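Engineer: Supplied in structure tokens, the structure appears directly below.
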Amino acid sequence: MRIPTTLWNWLTSIRLAVILLIAFGLALFLGLLFPSMAPEVAANAVERGHWLATARARYGPLTNALFTLGLFDVYHSAWFRVPLVLLILSTAAAAFNRVRPTWRAINLTQVWMPDSFFDRAPDRELIRGGSRAQALNVLRASLVRRRYRVVVEEEPEIIHLYADRYRFARLGSLATHAGIVLLLVAVLIGGTISWREQHLVLVPGQARAVGHGVSFQVRAEGFEMDRYPNGSPRDYRSDVTVLDGGQPVLRRTVRPNEPLQYGGVNLYLLHAEPGPRGGYQVIFSAAHDPSFGPAVAAAVLVLLGLVLSFYFPHQRVWARIEPDGTIRLAGKSNRNRIDLGEELKNLWPSPNPIL
Amino acid sequence: MAIAESNLITLTYIFLTAAVASYSLRLEGRVETLGRWATWIARVALAALTAALVIRGVEAGHVPFVGPYEFSLLFMWGILAVYLWMERGFGTQAAGLFILPIAFAIGTYAVAVIPDAAKTSQPLSPALQSPWLQIHVSASAVAYGAFAVAAGLGVMLLASEVLPGLAGRVPSSAQIDRFMWRAVALGFFLLSSVQLTGAIWAQYAWGSYWNWDPKEIWALLTWTLYLVYFHGRALRGWRGHRLAVLAIVGFGLVVFGFYGLGQLVRLVGLESMHVY
Numbered sequence: 000m001r002i003p004t005t006l007w008n009w010l011t012s013i014r015l016a017v018i019l020l021i022a023f024g025l026a027l028f029l030g031l032l033f034p035s036m037a038p039e040v041a042a043n044a045v046e047r048g049h050w051l052a053t054a055r056a057r058y059g060p061l062t063n064a065l066f067t068l069g070l071f072d073v074y075h076s077a078w079f080r081v082p083l084v085l086l087i088l089s090t091a092a093a094a095f096n097r098v099r100p101t102w103r104a105i106n107l108t109q110v111w112m113p114d115s116f117f118d119r120a121p122d123r124e125l126i127r128g129g130s131r132a133q134a135l136n137v138l139r140a141s142l143v144r145r146r147y148r149v150v151v152e153e154e155p156e157i158i159h160l161y162a163d164r165y166r167f168a169r170l171g172s173l174a175t176h177a178g179i180v181l182l183l184v185a186v187l188i189g190g191t192i193s194w195r196e197q198h199l200v201l202v203p204g205q206a207r208a209v210g211h212g213v214s215f216q217v218r219a220e221g222f223e224m225d226r227y228p229n230g231s232p233r234d235y236r237s238d239v240t241v242l243d244g245g246q247p248v249l250r251r252t253v254r255p256n257e258p259l260q261y262g263g264v265n266l267y268l269l270h271a272e273p274g275p276r277g278g279y280q281v282i283f284s285a286a287h288d289p290s291f292g293p294a295v296a297a298a299v300l301v302l303l304g305l306v307l308s309f310y311f312p313h314q315r316v317w318a319r320i321e322p323d324g325t326i327r328l329a330g331k332s333n334r335n336r337i338d339l340g341e342e343l344k345n346l347w348p349s350p351n352p353i354l
Numbered sequence: 000m001a002i003a004e005s006n007l008i009t010l011t012y013i014f015l016t017a018a019v020a021s022y023s024l025r026l027e028g029r030v031e032t033l034g035r036w037a038t039w040i041a042r043v044a045l046a047a048l049t050a051a052l053v054i055r056g057v058e059a060g061h062v063p064f065v066g067p068y069e070f071s072l073l074f075m076w077g078i079l080a081v082y083l084w085m086e087r088g089f090g091t092q093a094a095g096l097f098i099l100p101i102a103f104a105i106g107t108y109a110v111a112v113i114p115d116a117a118k119t120s121q122p123l124s125p126a127l128q129s130p131w132l133q134i135h136v137s138a139s140a141v142a143y144g145a146f147a148v149a150a151g152l153g154v155m156l157l158a159s160e161v162l163p164g165l166a167g168r169v170p171s172s173a174q175i176d177r178f179m180w181r182a183v184a185l186g187f188f189l190l191s192s193v194q195l196t197g198a199i200w201a202q203y204a205w206g207s208y209w210n211w212d213p214k215e216i217w218a219l220l221t222w223t224l225y226l227v228y229f230h231g232r233a234l235r236g237w238r239g240h241r242l243a244v245l246a247i248v249g250f251g252l253v254v255f256g257f258y259g260l261g262q263l264v265r266l267v268g269l270e271s272m273h274v275y
């Protein structure tokens, strides 16, 4: 029972998060120090041999050791994968761990606070003057104007007031962490189910299959290019027809930044070149990656969470109004205490409307 | 390059130099002289730079967001804009002396180091003709500016700890730490947006939202370092000079990502579509 608890506490600790982030950063850096072997090269023994022969010119006798250690493909090796997977686990565990405390903090409305709290709260203010009723009205109006939610409990002697704002923004941190986990999972799944055809050669007027089990065919109708006065390309494009079951179903102009999208497959225009038997041919690449949408959605969740956590701190204010109208204020913020201290100073209108 | 534009760049440079001088007089406490005008001089520099960028954009027919010269100008713009915007909340002008020299250094690089031939505006290649160019590059300029402000504040925090003479002239370590957090938070949110818009653009331009390009990897590395900053802030003993060092190192990564990564890519023999 104790070992799992210890393990869980360690996995969800910020200290581990910092260690894993540093390890992850070092692994990212490591991958930039060595040239990387493309997966299609690694899969083919002959090409791999050629690649390593080229690398040998630079790394000499170290080449084989570097290859065995995975340093020519760091991002698919344990150097990178181990911190990444641990980071996903630790982020997910930490986020899960925070769900109940966060929800409790959002719903906690503790109006009555003991005397000692007002002596020791991180931020305190003392305001004097007026009757109890006046003091309550002015304070309440000021808080409501600042979008605080105000709860009041009156006792014969003392009035207790609790106010808070942006409590739901506490969900921001959860959204960010959940978004990161979803994003990384989407990227990892995308890596296994997506495919990419780097070099799809289309001879104008001739339909050809895209491959990868795709049912339809594509046909380039031509290729055009405009140039700027200085000769550099301004625009190039190719009209492409999609044929499904032998029938044309779609015709689009494909440009850089404007791929053709059909049936979950994107077709990207790269360039045109002379054909082997005269004429010319148009080079495209094709890709299928269903993880794009979910990855973007997860990233938007991360950004939304960041805005909430950075710009909407959950701020809580307690007030105790004494029989003589003296107000004791105390505040707590889940971020940037100093800002709340300023806020408490400004809560009471100036000049003092009671005195 | 148009005469009006180059005159405005020269004007920016002169006013930026004057701003650095007047912020230093300000820190000396000599407010009766040029020091009084520090913020206004910096604002004139920003206005001149904005006008230069607008003229350059109008004459080229596209946003001036392409290549090292234009991005250096934007970088300088980001530092000035973020600093002047945040200065009002600082309640002090002390930070100017630590932040504006960064803009000055980048301005010097843009004006004096980049050869004149590389300063002429180029027509937009088909690959860059995308609405994502505007969002992606403008967010990165402001993000980099915010990280520069954080690094300058980090230097101020470290300086105030080692130079007793600064005590009383600069805010307390706790206050600087809070300002630094604000700058890092702004930069981090924008850097995240830069990566998202870059990924979406890459999906439409290259066919994949993540391509293991050195530029993408470097941006992720920078992003990871700032994650260490945020998590370290919650650990005992990290506030103060350790976070200041992280903010400075983080900005070092930002600068290297733009100015040094190309060298690394060539040295190691990596392939990149996004290193200039």
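Quick mapping for you: the protein sequence lines, in order, are chains C and G. Reminder that position 259 of the first sequence reads as 258 in numbering that gives the first Met the number 0, one-by-one numbering, no gaps. Reminder that position 56 of the second sequence reads as 55 in numbering that gives the first Met the number 0, one-by-one numbering, no gaps. We put the CB at the ideal spot given by N, CA and C, even for glycine. Since we're looking at a predicted model, the values are computed, not measured.
(1) Below 6 Å CB to CB, which residues in the same chain sit around L259 (chain C) once its five sequence neighbours on both sides are set aside?
(2) Kindly say whether T223 (chain G), judged by its beta-carbon, lies nearer than 9 Å to any beta-carbon of chain C.
(3) For P130 (chain G), which of helix, strand or coil comes out of DSSP?
(4) Output, in chain order, the set of chain C residues within a Cβ distance shorter than 8 Å of Y68 (chain G).
(5) Among the candidates G:A184, G:L123, G:S5 and G:R42, whose CA atom is the shortest distance from the CA of A18 (chain G)?
(6) Would you call the region 141 to 154 of chain G and the region 168 to 188 of chain G touching, i.e. three or more CB-CB distances under 8 Å?
(7) At which residues does the alpha helix (DSSP H) containing M179 (chain G) begin and terminate?
(8) Could you tell me whether the Cβ atoms of R14 (chain C) and G330 (chain C) are closer together than 9 Å?
(9) I'd like to know if P213 (chain G) contacts chain C, where contact means its C-beta is closer than 9 Å to some C-beta of that chain.
(10) Identify which residue in C:L10, C:S290, C:W194 and C:S193 has its Cα closest to the Cα of A93 (chain C).
(11) How many angstroms separate the CA atom of A37 (chain C) from the CA atom of L162 (chain G)?
(12) Grab me the residues of A50 (chain G)'s own chain with a C-beta within less than 7 Å of its C-beta, minus the 5 sequence neighbours each way, in chain order.
(13) So with CB distances below 8 Å, who are the chain C contacts of G197 (chain G)?
(14) Just to make sure I have the definition right: I need the residues of chain C whose C-beta is within less than 9 Å of the C-beta of I291 (chain G). Which are they?
(15) Specify the secondary structure class of V241 (chain C) as computed by DSSP and reduced to three states.
(16) Let me know if T90 (chain C) comes out buried or exposed under the rule of 16 or more other beta-carbons within 10 Å of its beta-carbon.
(17) According to DSSP, simplified to helix, strand and coil, what is D163 (chain C)?
(18) Just the chain C side, please: which residues come within less than 9 Å of Q128 (chain G) by C-beta, in chain order?
(19) Closest by CA to P293 (chain C), which one among G:I199, G:G231 and G:N210?
(20) Exposed or buried, which one is W39 (chain G) when buried takes at least 16 other CB atoms within 10 Å?
(21) At a Cβ cut of 9 Å, what residues of the region 150 to 164 of chain G count as close to chain C, listed as they run along the chain?
(22) In angstroms with no decimal places, state the Cα-to-Cα distance between Y22 (chain G) and G236 (chain G).
(23) Y267 (chain C) versus chain G: which residues are under 9 Å apart at the beta carbon?
(24) Per DSSP, K331 (chain C) is paired with what?
(25) H273 (chain G) touches chain C at which residues, Cβ-Cβ below 8 Å?
(26) Can you tell me where the beta strand (DSSP E) with E272 (chain C) in it begins and where it stops?
(27) Check each residue of the region 183 to 196 of chain G: if its Cβ is closer than 9 Å to any Cβ of chain C, include it; give the result in chain order.
(28) Find the nearest neighbour of L266 (chain G) within the set C:F33, C:R276, C:F28 and C:R148, judged by alpha-carbon distance.
(29) Any Cβ of chain G within less than 9 Å of the Cβ of Y227 (chain C)?
(30) Over what stretch of residues does the alpha helix (DSSP H) that includes D212 (chain G) continue unbroken?
(31) Name the chain C residues that come within less than 7 Å of G268 (chain G), Cβ to Cβ?
(32) Which term fits Y279 (chain C), buried or exposed, when burial requires 16 or more other beta carbons within 10 angstroms of its beta carbon?
(33) I'd like the ranges of any beta strand (DSSP E) spanning at least 3 consecutive residues and lying wholly in the region 58 to 114 of chain C.
(34) Name the chain G residues that come within less than 8 Å of R169 (chain C), Cβ to Cβ?
(35) Does any CB atom of chain G fall closer than 9 Å to the CB of R195 (chain C)?
(36) Span of the alpha helix (DSSP H) holding P67 (chain G)?
Structural biologist: Taking the coordinates as given:
(1) For the purposes of this step, residue 259 (chain C) is taken as residue 260 along the first sequence, with counting starting at 1. V239, R251, V253 and L266, listed in sequence order.
(2) On the second sequence, residue 223 (chain G) is found 224 positions in, with the first residue counted as 1. Closer than 9 Å to some Cβ of chain C, the Cβ of T223 (chain G) qualifies, so yes.
(3) Against the second sequence, residue 130 (chain G) aligns to sequence position 131. P130 (chain G) falls in the helix class under three-state DSSP.
(4) By one-based count along the second sequence, residue 68 (chain G) stands at place 69. Ordered by position in chain C, no residue passes the 8 Å Cβ test against Y68 (chain G), which lies about 17 Å from the chain.
(5) Your numbering for residue 18 (chain G) matches position 19 in the second sequence. Closest option to A18 (chain G), Cα to Cα, is G:R42.
(6) yes
(7) Residue 179 (chain G) sits at position 180 when you count from the first residue of the second sequence. Its alpha helix (DSSP H) spans residues S172 to A204.
(8) The residue labelled residue 14 (chain C) in the question sits at position 15 within the first sequence. The residue labelled residue 330 (chain C) in the question sits at position 331 within the first sequence. No.
(9) Counting from one through the second sequence, the residue named residue 213 (chain G) turns up at place 214. Yes, P213 (chain G) counts as interfacial toward chain C.
(10) Against the first sequence, residue 93 (chain C) aligns to sequence position 94. The residue with the shortest Cα to Cα distance from A93 (chain C) is C:L10.
(11) Taking the first sequence and counting its residues from 1, one reaches residue 37 (chain C) at position 38. Taking the second sequence and counting its residues from 1, one reaches residue 162 (chain G) at position 163. In a straight line, the C-alpha of A37 (chain C) is about 52 Å away from that of L162 (chain G).
(12) Numbered from its first residue, the second sequence carries residue 50 (chain G) at position 51. Correct list, in chain order: L7.
(13) Position 198 of the second sequence, counted from the first residue, corresponds to residue 197 (chain G). In chain order: nothing, as chain C lies at least about 11 Å away.
(14) Not covered by the structure: residue 291 (chain G). The range shown for chain G is 0 to 275.
(15) Reading the first sequence from its first residue, position 242 is the one you call residue 241 (chain C). DSSP places V241 (chain C) in strand when its eight states are reduced to three.
(16) Against the first sequence, residue 90 (chain C) aligns to sequence position 91. Its Cβ being crowded by 16 or more others within 10 Å, T90 (chain C) is buried.
(17) The residue you call residue 163 (chain C) lines up with position 164 of the first sequence. Here D163 (chain C) sits in strand by DSSP.
(18) Mapped onto the second sequence, residue 128 (chain G) falls at position 129. R233, D234, R254, P255 and N256, listed in chain order.
(19) Numbered from 1 along the first sequence, position 294 holds the residue referred to as residue 293 (chain C). Nearest C-alpha to P293 (chain C): G:I199.
(20) Position 40 of the second sequence, counted from the start, is the residue given in the question as residue 39 (chain G). So W39 (chain G) ends up on the exposed side.
(21) none
(22) Position 23 of the second sequence holds residue 22 (chain G). Position 237 of the second sequence holds residue 236 (chain G). Approximately 32 Å, taken between the alpha carbons.
(23) Position 268 of the first sequence, counted from the start, is the residue given in the question as residue 267 (chain C). In chain order: Y203, A204, W205 and G206.
(24) The residue given as residue 331 (chain C) occupies position 332 in the first sequence. K331 (chain C) pairs with C:R315.
(25) As a working note, residue 273 (chain G) is residue 274 in the second sequence. In chain order: nothing, as chain C lies at least about 13 Å away.
(26) Translated into the one-based positions of the first sequence, residue 272 (chain C) becomes position 273. E272 (chain C) -> beta strand (DSSP E) spans V264 to P273.
(27) A184, L185, F187, F188, S191, S192, Q194 and L195
(28) Locating residue 266 (chain G) in the second sequence gives position 267, counting from the first residue. The candidate whose alpha carbon is nearest that of L266 (chain G) is C:F33.
(29) Residue 227 (chain C) sits at position 228 when you count from the first residue of the first sequence. Yes, contact with chain G.
(30) Within the second sequence, residue 212 (chain G) is the residue found at index 213, counting from 1. No alpha helix (DSSP H) contains D212 (chain G), which DSSP labels as neither H nor E.
(31) Numbered from its first residue, the second sequence carries residue 268 (chain G) at position 269. Those within 7 Å of G268 (chain G) in chain C are P34.
(32) Against the first sequence, residue 279 (chain C) aligns to sequence position 280. Y279 (chain C) should be labelled exposed.
(33) none
(34) Reading the first sequence from its first residue, position 170 is the one you call residue 169 (chain C). Those within 8 Å of R169 (chain C) in chain G number zero; the least Cβ separation is about 15 Å.
(35) Residue numbering aside, residue 195 (chain C) sits at position 196 when the first sequence is read from its first letter. Answer yes: the Cβ-Cβ gap between R195 (chain C) and chain G drops below 9 Å somewhere.
(36) In the second sequence, the residue the question calls residue 67 (chain G) occupies position 68. Per DSSP, P67 (chain G) belongs to the alpha helix (DSSP H) from G66 to F89.
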